[in-house]
Structure formats: C-alpha cells, structure tokens
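Student:
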Amino acid sequence: MENQILHLDLDTFFVSCERLIDSRLKNRPLLVGGTGDRGVVAACSYETRRFGVHSGMSMKVARRLCPEAIVIRGNSGIYSKYSHLVTDIIKESVPIFEKSSVDEFYADLSGMDKFYGCYKYASELRQKIIKNTGLPISFGLSVNKVVSKIATGEAKPNNQLKIDYGFEKPFLAPLSIRKIPSVGEKTYQTLRNLGVDKVSVVQKMPLEMMVSVLGANGRTIWKRANGIDNPPLIPFHERKSISTERTFEKDTIDMKKLRTTIFAMAENLAFQLRNGNKLASTISVKIRYSDFNTYSKQVKIPYTSADHIIIPKALELFEKLHNRRLLVRLVGVKINDIVCGHYQINLFDDTEEMLNLYDAMDKIRGRYGELSIMRASSMGAKTIGRFSNPFNGEPPILLAHRKQ
Numbered sequence: 105m106e107n108q109i110l111h112l113d114l115d116t117f118f119v120s121c122e123r124l125i126d127s128r129l130k131n132r133p134l135l136v137g138g139t140g141d142r143g144v145v146a147a148c149s150y151e152t153r154r155f156g157v158h159s160g161m162s163m164k165v166a167r168r169l170c171p172e173a174i175v176i177r178g179n180s181g182i183y184s185k186y187s188h189l190v191t192d193i194i195k196e197s198v199p200i201f202e203k204s205s206v207d208e209f210y211a212d213l214s215g216m217d218k219f220y221g222c223y224k225y226a227s228e229l230r231q232k233i234i235k236n237t238g239l240p241i242s243f244g245l246s247v248n249k250v251v252s253k254i255a256t257g258e259a260k261p262n263n264q265l266k267i268d269y270g271f272e273k274p275f276l277a278p279l280s281i282r283k284i285p286s287v288g289e290k291t292y293q294t295l296r297n298l299g300v301d302k303v304s305v306v307q308k309m310p311l312e313m314m315v316s317v318l319g320a321n322g323r324t325i326w327k328r329a330n331g332i333d334n335p336p337l338i339p340f341h342e343r344k345s346i347s348t349e350r351t352f353e354k355d356t357i358d359m360k361k362l363r364t365t366i367f368a369m370a371e372n373l374a375f376q377l378r379n380g381n382k383l384a385s386t387i388s389v390k391i392r393y394s395d396f397n398t399y400s401k402q403v404k405i406p407y408t409s410a411d412h413i414i415i416p417k418a419l420e421l422f423e424k425l426h427n428r429r430l431l432v433r434l435v436g437v438k439i440n441d442i443v444c445g446h447y448q449i450n451l452f453d454d455t456e457e458m459l460n461l462y463d464a465m466d467k468i469r470g471r472y473g474e475l476s477i478m479r480a481s482s483m484g485a486k487t488i489g490r491f492s493n494p495f496n497g498e499p500p501i502l503l504a505h506r507k508q
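Just so we're aligned, residue 105 is where the sequence shown starts under this note's numbering, counting upward by one.
What follows is the structure, given as structure tokens:
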C-alpha cells in the first residue's frame with residue numbers, strides 16, 4: 105500500500121485574513137508588514153508579485169517596485185485566531201496531522217482509498233476549510249511530504265493537485281531546481297554554475313557527484329529531485345512546552361537581579377524555539393517566595409519565537425506577579441502551546457537589521473554554545489539553571505541591546 109500524504113497551505117495567509125476583515129482590499133495590490141522604510145514585507149498579494157515583490161523584502165524596496173500597493177501593518181492576533189480555526193477543522197477530520205507553521209499542514213491519509221478515496225476526502229476537507237473560514241487554501245497529494253509540498257506550490261492559488269504513484273519523477277522533471285525544498289540562493293547559484301537549472305538535470309546526475317559538490321545536502325537534494333525522500337510526519341500535540349527555573353543560593357529581594365534572571369531565561373527560551381524550528385503562543389512566569397508559597401501568571405500571544413516579543417512579555421508578567429514584600433526563593437519562565445515552524449515575519453515591527461541580528465546570534469550560539477553571545481542586559485544571570493559556558497572561562501561576546 106502506497107503512502108498518501110496531504111499537504112495543505114493557506115494562500116497568502118496574512119493577505120487573505122486582511123481581505124476577510126475588509127472586502128475593499130480584494131483584488132488590490134497589498135503589502136503586510138512593517139510600515140516604515142526599515143520594515144520588512146511579511147506577506148504580499150499575488151497582484152504585487154508580478155512587480156518582483158516577495159516576502160522578506162525591505163518594505164522600502166517593495167514600495168518602490170509597486171508604488172500603488174496598499175501597505176498594512178497587520179494584526180498578529182487575528183492571524184493566530186484564523187490559524188487556530190483551521191487547525192481545529194483539520195484535527196476533527198484526520199487521524200494524524202502535522203502543523204509545520206501557522207499556515208501550513210501535513211496529514212497522513214494512507215489507507216483511506218480502500219474505504220473512501222484520498223483525493224475525494226482531501227477535496228472535501230479543503231472545501232470545508234474554505235466554507236467555514238472564508239480563507240483560500242491549496243493542497244498537494246502524493247506519496248511523500250516533499251512531492252506533496254511542491255505539488256501544492258504548483259496548484260496555487262486556491263487549487264489542488266494529485267500526483268499519482270509512479271509519476272513523481274515526470275512531475276518534478278520540468279520544474280526549476282529552486283522548487284526543491286532546501287535549495288536556497290547559495291545552493292542554487294552553485295548548481296547554476298554547474299549548468300543545473302531544471303530538476304531533470306539532477307535526476308540524470310550520479311548521486312556521488314551531488315554529494316561531492318554539496319556534501320550531505322547534495323544527497324538530500326538528489327533524493328528529493330527523484331521524488332524518493334520520505335521525511336516522517338511529526339504528529340501535532342497541542343500542549344508542548346519548554347521551561348527553565350532558578351533556585352537562588354540565597355533568597356533575594358534584589359529587583360535588578362530578579363529582572364536580569366527573567367530576561368536571561370526568556371532570551372534563552374526564545375533561542376531554543378528558533379533553534380528547534382518552533383513557535384509558541386503562551387508565556388508564563390513563576391515566583392516562589394521564602395515561605396514556599398508559589399504563584400504564576402501567563403498570557404497568550406500570537407505565535408512567535410522572537411526575543412523582542414518574548415522577553416518584554418516575560419518581564420511584564422514578572423512585574424504584575426511580584427507584589428509581596430518577601431524574599432524570593434525561585435523564579436521560572438515557561439513557554440507553552442508550541443508548534444513546528446520557522447520564525448516568520450509576523451510581528452510587523454521587524455526590520456532587516458533585527459532579522460539579520462537574530463540570524464547572526466543564532467549561528468554563533470549554534471556553533472559555540474548558548475552562552476557564547478548574549479545581550480548585555482542578561483549578563484548578570486549567566487549561570488542560570490542548567491546552562492554552562494562553552495568557552496570554559498572565556499568571556500562571552502557582549503551585545504548591547506538597542507530599542508528599535
């Protein structure tokens with residue numbers, strides 16, 4: 105029995121949500137993101153793409169390319185609400201599914217052809233989502249996640265496509281190599297320098313050649329180009345969380361020390377989210393006083409893994425929670441409601457500098473350890489919990505925090 109893996113992707117999700125709220129925006133060029141010149145495009149309508157606009161682009165450049173576009177700062181809370189609505193519909197309709205981001209899902213429909221028909225069932229699920237939410241959505245259906253995701257891209261906008269078993273290679277062959285997941289700009293340029301543009305060229309290349317040029321990523325690309333890569337579907341679980349706590353050697357009432365500790369905890373948890381390709385929508389803070397009475401407070405937020413959202417929220421919760429004139433024994437920060445997904449430009453205060461800063465910091469941490477680089481504001485708490493300094497006594501790189 106062949107696998108039947110369904111990939112669902114909400115079309116221009118932020119744009120579609122804005123058009124649900126204001127119908128006057130339909131069929132008009134629309135940019136969602138930071139509204140200042142230093143802002144970044146979080147999402148763009150199809151009407152703007154023919155001018156060369158794409159998500160992640162500087163808003164200043166996007167406005168220059170498409171001056172008639174309407175620019176909206178956006179509302180993360182609205183987008184999270186609609187994401188939850190779609191998630192609930194899928195959860196009620198399929199036995200196993202993966203939520204890979206706020207607007208993208210996979211579902212395993214294997215075995216359903218015997219009883220109903222996978223393509224028919226997927227079509228009805230898509231129509232149910234459109235009817236109940238008003239959002240356009242596309243899907244691809246094939247034997248694995250990679251081919252299904254590519255098929256969804258070919259089906260867009262607001263359409264569907266099934267790739268029958270055995271037709272994976274013919275389907276992929278005429279496509280640009282850039283359509284293969286994991287082929288970024290640098291990899292694409294490397295392949296173009298070798299004369300590789302279409303997937304069909306990779307299909308004819310020996311695996312050993314791809315590995316010699318691109319290393320382990322070459323093997324992955326070769327397998328995906330041949331339609332035989334089969335990454336597992338990661339079942340969605342709602343109440344996943346990560347947390348960290350610190351019990352002080354001596355109970356304290358030092359507010360500077362307490363705030364610095366909360367800051368460092370929140371900063372580290374945000375990095376853990378990004379490092380694991382996760383997003384979270386709930387933050388909680390815990391305080392245990394010297395009399396062992398323990399209190400906690402939490403808040404819901406739009407899905408994020410950004411320092412500049414998580415850290416201020418944690419500090420805000422701490423300020424609201426700390427209202428007793430007692431020594432503090434323990435503090436903790438916890439992040440709940442975690443889903444898979446890369447950090448997305450959905451906070452609308454993002455700038456190119458901020459996104460580049462996150463990327464640079466995370467690369468240093470990934471190579472040298474969690475404490476190899478940190479904001480100066482968290483330096484006073486560099487021995488929190490289980491964290492250890494990978495520099496074995498060498499001072500970490502200091503990063504002065506500047507408000508945007």
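Glycine included, each C-beta is placed from N, C-alpha and C at the ideal position.
May I ask you to report which of helix, strand or coil DSSP gives A277?
Tutor: Here residue 277 refers to the residue found at position 173 when the sequence shown is read from its first residue. In the structure shown, A277 sits in coil (DSSP, three-state: anything other than H, G, I, E or B).
Student: With respect to the beta strand (DSSP E) encompassing V403, which residues constitute its N-terminal and C-terminal limits?
Tutor: Within the sequence shown, numbered from 1, the residue matching residue 403 stands at position 299. Here the beta strand (DSSP E) through V403 covers 398-408.
Student: Tell me F201's beta-bridge partners as DSSP assigns them.
Tutor: Along the sequence shown, read from residue 1 onward, the residue named residue 201 stands at position 97. The partner list for F201 (beta bridge, DSSP) reads A211.
Student: Could you spell out where the alpha helix (DSSP H) holding G257 opens and where it closes?
Tutor: Counting from one through the sequence shown, the residue named residue 257 turns up at place 153. That run of the alpha helix (DSSP H) goes 249-259.
Student: Does the beta-carbon distance from L425 to V389 come in below 8 Å?
Tutor: Locating residue 425 in the sequence shown gives position 321, counting from the first residue. Locating residue 389 in the sequence shown gives position 285, counting from the first residue. The answer is yes: Cβ separation under 8 Å.
Student: Going by DSSP, what residues sit across from R154 in a beta bridge?
Tutor: Here residue 154 refers to the residue found at position 50 when the sequence shown is read from its first residue. DSSP output for R154 lists no bridge partner at all.
Student: What number of angstroms, rounded off, separates the C-alpha of L430 from the C-alpha of N440?
Tutor: In the sequence shown, the residue the question calls residue 430 occupies position 326. In the sequence shown, the residue the question calls residue 440 occupies position 336. Distance between the alpha carbons of L430 and N440: 28 Å.
Student: So, for F422: in the same chain, excluding its five sequence neighbours on each side, which residues have a beta-carbon less than 6 Å away from its beta-carbon?
Tutor: By one-based count along the sequence shown, residue 422 stands at place 318. Counting only Cβ-Cβ distances below 6 Å, and skipping sequence neighbours, we find I366, V389.
Student: What are the partner residues of I176, as DSSP defines its beta bridges?
Tutor: Counting from 1 along the sequence shown, the entry for residue 176 is found at position 72. Note: I176 sits in a beta bridge opposite V136.
Student: Run the CB neighbour count on K290, radius 10 Å, all protein chains shown included, and call it buried at 16 or more, exposed below.
Tutor: The count along the sequence shown starts at 1 and reaches residue 290 at position 186. The residue in question, K290, is exposed, as its Cβ has fewer than 16 Cβ neighbours within 10 Å.
Student: Since V437 and L373 are thought to touch, with beta carbons under 8 Å apart, how far apart are those beta carbons, to the nearest angstrom?
Tutor: By one-based count along the sequence shown, residue 437 stands at place 333. By one-based count along the sequence shown, residue 373 stands at place 269. Their Cβ separation, rounded to whole angstroms, is 6 Å, which keeps V437 and L373 in contact under 8 Å.
Student: Excluding sequence positions up to five away, which residues of its chain have a Cβ less than 6 Å from the Cβ of I194?
Tutor: For the purposes of this step, residue 194 is identified with residue 90 of the sequence shown, where counting begins at 1. Only F201, F209 meet the Cβ criterion.
Student: Assuming contact is defined by CB atoms lying nearer than 8 Å, are F118 and V136 in contact in what I supplied?
Tutor: Reading the sequence shown from its first residue, position 14 is the one you call residue 118. Reading the sequence shown from its first residue, position 32 is the one you call residue 136. Their beta carbons are under 8 Å apart, which means F118 touches V136 by this criterion.
Student: Using the Cβ count rule (16 or more neighbours within 10 Å means buried), how would you classify Q108?
Tutor: Taking the sequence shown and counting its residues from 1, the one referred to as residue 108 is at position 4. The residue in question, Q108, is buried, as its Cβ has 16 or more Cβ neighbours within 10 Å.
Student: Which value, in whole angstroms, describes the spacing of the CA atoms of I125 and G257?
Tutor: The residue given as residue 125 occupies position 21 in the sequence shown. The residue given as residue 257 occupies position 153 in the sequence shown. So the two alpha carbons sit approximately 26 Å from each other.
Student: Is there contact between the stretch 397-412 and the stretch 345-355, where contact requires at least three CB pairs shorter than 8 Å?
Tutor: no
Student: Determine the direct distance from the alpha carbon of L129 to that of Y150, and round the result to whole angstroms.
Tutor: Within the sequence shown, residue 150 is the residue found at index 46, counting from 1. Within the sequence shown, residue 129 is the residue found at index 25, counting from 1. Cα to Cα, Y150 sits roughly 12 Å from L129.
Student: Can you check which of these residues, G140, C170, S127, is closest to C148 by C-alpha distance?
Tutor: Position 44 of the sequence shown, counted from the start, is the residue given in the question as residue 148. Nearest of G140, C170, S127 to C148, Cα basis: C170.
Student: Return the chain-ordered list of same chain residues with a C-beta closer than 8 Å to the C-beta of P261, the five sequence neighbours on each side being excluded.
Tutor: Residue numbering aside, residue 261 sits at position 157 when the sequence shown is read from its first letter. Once the five neighbours on either side are set aside, the close Cβ partners of P261 are D115, T116, Y150, P240, S242.
Student: Decide if Q293 is buried, meaning its Cβ has at least 16 other Cβ atoms within 10 Å, or exposed.
Tutor: One-based indexing of the sequence shown puts residue 293 at position 189. Per the 10 Å Cβ criterion, exposed.
Student: Nearest-angstrom Cα distance between M369 and I415?
Tutor: Indexing the sequence shown from 1 puts residue 369 at position 265. Indexing the sequence shown from 1 puts residue 415 at position 311. Taking the straight line joining both Cα atoms gives about 8 Å.
Student: In terms of alpha-carbon separation, which member of A255, F271, L110, G178 lies closest to T139?
Tutor: For this step, residue 139 is matched to residue 35 along the sequence shown. For the residues A255, F271, L110, G178, the minimum Cα distance to T139 belongs to G178.
Student: Quick check on the burial criterion: 16 or more other C-beta atoms within 10 angstroms. Buried or exposed for E166?
Tutor: The count along the sequence shown starts at 1 and reaches residue 166 at position 62. Sequence check: residue 166 is Ala here, not Glu. So A166 ends up on the buried side.
Student: Using CA coordinates, which residue listed in R392, S394, L377 is at the minimum distance from T386?
Tutor: Residue 386 sits at position 282 when you count from the first residue of the sequence shown. Nearest C-alpha to T386: L377.
Student: List the endpoints of the continuous alpha helix (DSSP H) containing V206.
Tutor: By one-based count along the sequence shown, residue 206 stands at place 102. Note, V206: premise wrong, no alpha helix (DSSP H); not H, not E.
Student: Name the one or two DSSP bridge partners that Y393 has.
Tutor: To locate residue 393, count along the sequence shown from 1; it is residue 289. Beta-bridge pairing links Y393 to V432.
Student: Confirm, please, whether the CB-CB distance from A384 to Y407 is below 8 Å.
Tutor: Start at 1 with the first residue of the sequence shown, and residue 407 comes out as number 303. Start at 1 with the first residue of the sequence shown, and residue 384 comes out as number 280. It is a contact, given that the beta carbons lie within the stated cut-off.
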